[in-house]
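Only one structure is covered here, and it is reproduced in the block below.
There are 2 protein chains.
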Amino acid sequence: MILELNDLIKVKDVGPRDGLQMEKAVIPTEDKIKLINDLSKTGVHGIQVTSVVHPKAVPQLADAEIVMKNIERHENVKYSVLVPNVRGAERAVLMLADEWELMHSVTESHCRSNGNKTVDESLKEHEKVVKIAHENNVTVQGGMATALGCPFEGRVPFERVLYTAEAYYSMGIRHIGVADTIGCADPKLVYTTMKRLIEKLPDVEFSLHLHNTRGMALANILAGINAGVRYFDASIGGLGGCPYAPGATGNVATEDLVHMLDLMNLQSGVDLNQLLTISKDVERLVGHQLESTIHRAGPSYQVHAAPTKQEKIENQ
Amino acid sequence: MILELNDLIKVKDVGPRDGLQMEKAVIPTEDKIKLINDLSKTGVHGIQVTSVVHPKAVPQLADAEIVMKNIERHENVKYSVLVPNVRGAERAVLMLADEWELMHSVTESHCRSNGNKTVDESLKEHEKVVKIAHENNVTVQGGMATALGCPFEGRVPFERVLYTAEAYYSMGIRHIGVADTIGCADPKLVYTTMKRLIEKLPDVEFSLHLHNTRGMALANILAGINAGVRYFDASIGGLGGCPYAPGATGNVATEDLVHMLDLMNLQSGVDLNQLLTISKDVERLVGHQLESTIHRAGPSYQVHAAPTKQEKIENQ
Numbered sequence: 001m002i003l004e005l006n007d008l009i010k011v012k013d014v015g016p017r018d019g020l021q022m023e024k025a026v027i028p029t030e031d032k033i034k035l036i037n038d039l040s041k042t043g044v045h046g047i048q049v050t051s052v053v054h055p056k057a058v059p060q061l062a063d064a065e066i067v068m069k070n071i072e073r074h075e076n077v078k079y080s081v082l083v084p085n086v087r088g089a090e091r092a093v094l095m096l097a098d099e100w101e102l103m104h105s106v107t108e109s110h111c112r113s114n115g116n117k118t119v120d121e122s123l124k125e126h127e128k129v130v131k132i133a134h135e136n137n138v139t140v141q142g143g144m145a146t147a148l149g150c151p152f153e154g155r156v157p158f159e160r161v162l163y164t165a166e167a168y169y170s171m172g173i174r175h176i177g178v179a180d181t182i183g184c185a186d187p188k189l190v191y192t193t194m195k196r197l198i199e200k201l202p203d204v205e206f207s208l209h210l211h212n213t214r215g216m217a218l219a220n221i222l223a224g225i226n227a228g229v230r231y232f233d234a235s236i237g238g239l240g241g242c243p244y245a246p247g248a249t250g251n252v253a254t255e256d257l258v259h260m261l262d263l264m265n266l267q268s269g270v271d272l273n274q275l276l277t278i279s280k281d282v283e284r285l286v287g288h289q290l291e292s293t294i295h296r297a298g299p300s301y302q303v304h305a306a307p308t309k310q311e312k313i314e315n316q
Numbered sequence: 001m002i003l004e005l006n007d008l009i010k011v012k013d014v015g016p017r018d019g020l021q022m023e024k025a026v027i028p029t030e031d032k033i034k035l036i037n038d039l040s041k042t043g044v045h046g047i048q049v050t051s052v053v054h055p056k057a058v059p060q061l062a063d064a065e066i067v068m069k070n071i072e073r074h075e076n077v078k079y080s081v082l083v084p085n086v087r088g089a090e091r092a093v094l095m096l097a098d099e100w101e102l103m104h105s106v107t108e109s110h111c112r113s114n115g116n117k118t119v120d121e122s123l124k125e126h127e128k129v130v131k132i133a134h135e136n137n138v139t140v141q142g143g144m145a146t147a148l149g150c151p152f153e154g155r156v157p158f159e160r161v162l163y164t165a166e167a168y169y170s171m172g173i174r175h176i177g178v179a180d181t182i183g184c185a186d187p188k189l190v191y192t193t194m195k196r197l198i199e200k201l202p203d204v205e206f207s208l209h210l211h212n213t214r215g216m217a218l219a220n221i222l223a224g225i226n227a228g229v230r231y232f233d234a235s236i237g238g239l240g241g242c243p244y245a246p247g248a249t250g251n252v253a254t255e256d257l258v259h260m261l262d263l264m265n266l267q268s269g270v271d272l273n274q275l276l277t278i279s280k281d282v283e284r285l286v287g288h289q290l291e292s293t294i295h296r297a298g299p300s301y302q303v304h305a306a307p308t309k310q311e312k313i314e315n316q
């Protein structure tokens with residue numbers, strides 16, 4: 001198990017897009033802009049700002065252009081937008097994002113359910129998007145949904161994951177995001193999958209997108225670090241959810257991830273206190289309790305005053 | 001990172017004592033007995049049944065004798081009671097438990113706050129308890145509260161942990177429970193502490209008692225397994241809490257632990273489906289939502305039918 005590490009662990013906050021998209025309340029545009037501006041100052045490596053989907057499909061993100069235009073951009077932060085297709089790419093070109101994110105399911109049933117395409121048809125569409133990106137000097141992250149488990153097919157053979165990864169590679173993509181779409185992955189699966197992907201495509205930067213649906217997000221991050229992954233998605237407050245498990249938790253919370261890395265003396269460059277201030281704002285914004293454990297319990301080693309009279313509860 | 005293992009991972013369910021003790025609702029004695037009888041059939045290695053504390057101090061456990069007398073005992077399950085002092089030992093002798101559990105804080109401030117004794121005074125009291133146990137052929141688990149962090153002192157020097165472990169060893173104890181009392185431990189701390197303890201006292205069986213207060217319970221269990229620990233406490237439904245972080249989650253849920261072990265193909269011998277049936281009963285019993293993620297989200301790879309019309313939400 002890795003105990004010491006000189007590498008920086010990069011963190012991308014996907015709360016503004018992946019998180020807020022799942023909220024019932026429509027979040028005012030100015031609040032989104034403030035959230036992104038606040039996150040920009042925390043030290044995160046990237047922020048998933050928005051998505052260029054059709055406003056009727058996702059009304060929460062109808063303000064994509066306005067948000068991208070009005071945020072304050074920090075030099076060290078990569079601002080990314082999710083680009084689902086060629087029509088979206090045409091809009092995205094005008095947004096001047098640092099990175100476009102593709103989201104493609106590696107399993108046939110989820111690919112068809114989500115985008116009404118086969119895996120190969122979806123990859124062909126994405127190839128056109130990548131071409132537009134590269135013509136406009138925008139880097140692309142190839143996302144692999146259902147890579148660590150599919151709601152319709154269960155466990156996914158590694159060959160299916162590799163098939164999409166190699167397709168992305170042949171398009172010139174050198175950053176691939178591996179997603180546990182429904183939060184079903186375990187540390188062994190994460191470790192073996194990432195180890196094999198890194199061995200197969202050593203010049204690709206792999207990031208992990210993990211949900212805490214079944215309590216394993218931080219264990220899976222630990223496994224990912226051990227396999228060589230140095231880049232993780234997370235969502236402020238743990239925003240987001242899982243459409244297949246209503247009421248279940250969503251993305252791993254950025255503050256939970258940074259808190260664990262801090263305790264382990266692994267460097268992320270992200271300021272936990274700032275995150276905790278932001279998550280208080282976010283809780284007010286969305287109007288319900290956040291899933292972030294650090295938001296609820298506070299960081300470890302908030303030392304208390306010893307009580308003056310004997311406590312009656314045996315604390316074990 | 002350990003990927004394959006022939007060892008059995010033992011699980012002790014502490015819900016009936018450590019969990020229910022934190023509940024506001026008084027749980028009827030017959031419901032406790034049913035819970036313990038149900039847990040006995042799941043394949044758990046041990047159940048922490050009750051505690052012989054003064055009924056005025058912990059009214060929830062005033063029925064200790066009645067519960068111990070009326071449960072059905074399974075041959076392969078160890079039924080333990082928490083024994084805080086000599087007076088408790090005298091009661092416990094009559095209960096015919098398989099194991100007595102001692103709970104002693106390794107830090108001075110917590111030891112004084114919890115039991116109004118110094119560490120050495122507390123160890124002296126426990127030595128008398130151990131003597132009574134051994135005279136009655138009962139094995140003893142020496143519990144070490146605050147071993148992985150203290151609410152009043154923060155991080156605890158390893159020497160303080162070793163001091164209590166060696167004191168227990170010299171009393172003839174060969175099973176020591178290491179507790180993350182306030183759920184502040186991280187995987188690196190768990191790994192290094194357990195590795196060092198096992199090296200110092202190789203003929204002791206160490207178990208880990210972890211809380212999920214800051215989302216790291218399963219990551220810490222992973223670290224514990226990597227360090228050589230093969231015995232974990234857990235609590236059905238994630239019952240229990242932390243008096244220093246009201247509203248925060250408590251013990252790692254037995255079903256969350258077993259679910260992760262199952263996915264990783266590590267053997268616990270515990271039946272997840274039975275646990276999930278029991279946690280439904282427990283939720284009714286305590287009258288509030290349980291923290292167990294598997295109770296909320298269901299196990300991984302519950303394969304769904306693919307939807308017939310295109311889903312509008314981009315599931316990432």
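These protein sequences, in sequence, are chains A and B.
Using UniProt numbering, the letters of the first sequence correspond one by one to residues 1 to 316.
Using UniProt numbering, the letters of the second sequence correspond one by one to residues 1 to 316.
No residue lacks a Cβ here, since even glycine has one placed at the ideal position from N, Cα and C.
Values in this document were obtained by computation on a predicted structure and should not be read as measured data.
Buried or exposed for residue i, going by 16 or more other Cβ atoms inside 10 Å?
i, result
"leucine 61 of chain B", "buried"
"leucine 39 of chain A", "buried"
"serine 170 of chain B", "exposed"
"glutamine 289 of chain A", "exposed"
"proline 84 of chain B", "buried"
"lysine 69 of chain B", "exposed"
"glutamine 310 of chain B", "For glutamine 310 of chain B, the predicted structure reports a pLDDT of 43, less than 50, and the residue's modelled location is therefore unreliable. A value from the coordinates is still provided. The residue in question, glutamine 310 of chain B, is exposed, as its Cβ has fewer than 16 Cβ neighbours within 10 Å."
"glycine 101 of chain B", "The sequence given here has glutamate at residue 101 of chain B, not glycine. Answer is buried; the Cβ neighbour count reaches 16."
"proline 157 of chain B", "exposed"
"asparagine 118 of chain B", "Strictly speaking, residue 118 of chain B in this sequence is threonine, with asparagine absent from that position. Classification of threonine 118 of chain B: exposed, given that the 10 Å Cβ count is below 16."
"leucine 96 of chain A", "exposed"
"aspartate 7 of chain B", "exposed"
"glutamine 302 of chain A", "exposed"
What do you reckon, is the C-beta of residue i under 7 Å from a heavy atom of the ligand FMN?
i, result
"lysine 188 of chain A", "Absence of the ligand FMN from the depicted structure is noted, as is the absence of any ligand whatsoever, leaving it without description."
Can you name the residues of chain A whose CB is closer than 9 Å to the CB of residue i?
i, result
"asparagine 273 of chain B", "The premise fails here: asparagine 273 of chain B is roughly 15 Å from chain A at the closest Cβ pair, so nothing lies under 9 Å."
"valine 303 of chain B", "Cys150, Pro151, Phe152, Glu153 and Gly154"
"residue 326 of chain B", "Since the displayed chain B opens at 1 and closes at 316, residue 326 of chain B lies outside it and no answer follows."
Would you list the one or two residues that DSSP bridges to residue i?
i, result
"methionine 144 of chain B", "B/His104 and B/Val178"
"isoleucine 47 of chain B", "B/Asp13 and B/Tyr79"
"asparagine 251 of chain B", "B/His211"
"threonine 139 of chain B", "B/Glu99"
"alanine 234 of chain B", "B/Asp13"
Report the neighbours of residue i on chain A: residues whose CB is nearer than 8 Å to its CB, in chain order.
i, result
"alanine 223 of chain B", "Met1 and Leu222"
Under the three-state reduction of DSSP, which class applies to residue i: helix, strand or coil?
i, result
"histidine 74 of chain B", "coil"
"aspartate 31 of chain B", "helix"
"isoleucine 36 of chain B", "helix"
"serine 268 of chain B", "coil"
"glutamate 311 of chain A", "Bear in mind that a pLDDT of 43 at glutamate 311 of chain A, under 50, signals an unreliable position, so the number given afterwards is only what the model happens to contain. The answer is coil: DSSP assigns glutamate 311 of chain A none of H, G, I, E or B."
"phenylalanine 206 of chain A", "strand"
"glutamate 23 of chain A", "coil"
"glutamate 99 of chain B", "strand"
"tyrosine 301 of chain B", "coil"
"cysteine 242 of chain A", "coil"
"phenylalanine 158 of chain B", "helix"
"cysteine 184 of chain A", "coil"
"glutamine 316 of chain B", "Since pLDDT at glutamine 316 of chain B reaches only 39, below the 50 mark, its modelled position is unreliable, and the value read off the structure follows with that caveat. It is coil, neither helix nor strand."
"leucine 8 of chain B", "strand"
"alanine 57 of chain A", "coil"
"alanine 62 of chain B", "coil"
Residue i versus chain B: which residues are under 9 Å apart at the beta carbon?
i, result
"histidine 259 of chain A", "Asp186, Arg214, Gly215 and Met216"
"aspartate 256 of chain A", "Arg214, Gly215 and Met216"
"methionine 264 of chain A", "Asp186, Pro187, Lys188 and Leu189"
"serine 268 of chain A", "Result: empty, since nearest Cβ-Cβ is about 14 Å, beyond 9 Å."
"threonine 277 of chain A", "Within 9 Å Cβ-Cβ: nothing; threonine 277 of chain A doesn't reach chain B, min ~18 Å."
"asparagine 293 of chain A", "In the sequence under discussion, the amino acid at residue 293 of chain A is threonine, which differs from the asparagine named in the question. Chain B residues near threonine 293 of chain A: Gly183, Asn212, Thr213, Arg214, Gly215, Met216, Ala248 and Thr249."
Please list, in chain order, the chain B residues whose beta carbon lies closer than 7 Å to that of residue i.
i, result
"asparagine 37 of chain A", "Those do not exist, as asparagine 37 of chain A stays about 24 Å from chain B at its closest Cβ, beyond 7 Å."
"asparagine 226 of chain A", "Met1"
Which residues in chain A sit within 7 Å of residue i, going by Cβ to Cβ distance?
i, result
"alanine 97 of chain B", "Ordered by position in chain A, no residue passes the 7 Å Cβ test against alanine 97 of chain B, which lies about 17 Å from the chain."
Cβ-based contacts, 9 Å cut-off: residues of the segment 103-121 of chain A near chain B | Met103, Ser105, Ser109, His110, Arg112, Ser113, Asn114, Gly115 and Asn116
Taking Cβ-Cβ distances below 9 Å as the criterion, which residues of the segment 127-147 of chain A are in contact with chain B?
-> Taking 9 Å as the Cβ-Cβ cut-off, the segment 127-147 of chain A approaches chain B at Gly143, Ala145 and Thr146, given in chain order.
Determine which residues of the segment 172-202 of chain A have a Cβ less than 8 Å from any Cβ of chain B, and write them out in chain order.
-> Considering only beta carbons, the part of the segment 172-202 of chain A lying closer than 8 Å to chain B consists of Ala179, Thr181, Ile182, Gly183, Cys184, Ala185, Asp186, Pro187, Lys188, Leu189, Tyr191 and Thr192, in chain order.
Which residues, in chain order, does the segment 7-32 of chain A contribute to contact with chain E at a C-beta distance below 7 Å?
-> The structure shown contains no chain E; its protein chains are A and B.
If you measure beta-carbon to beta-carbon, which residues of the segment 47-70 of chain A are closer than 8 Å to chain B?
-> Ser51, Val53, Ala57 and Val58
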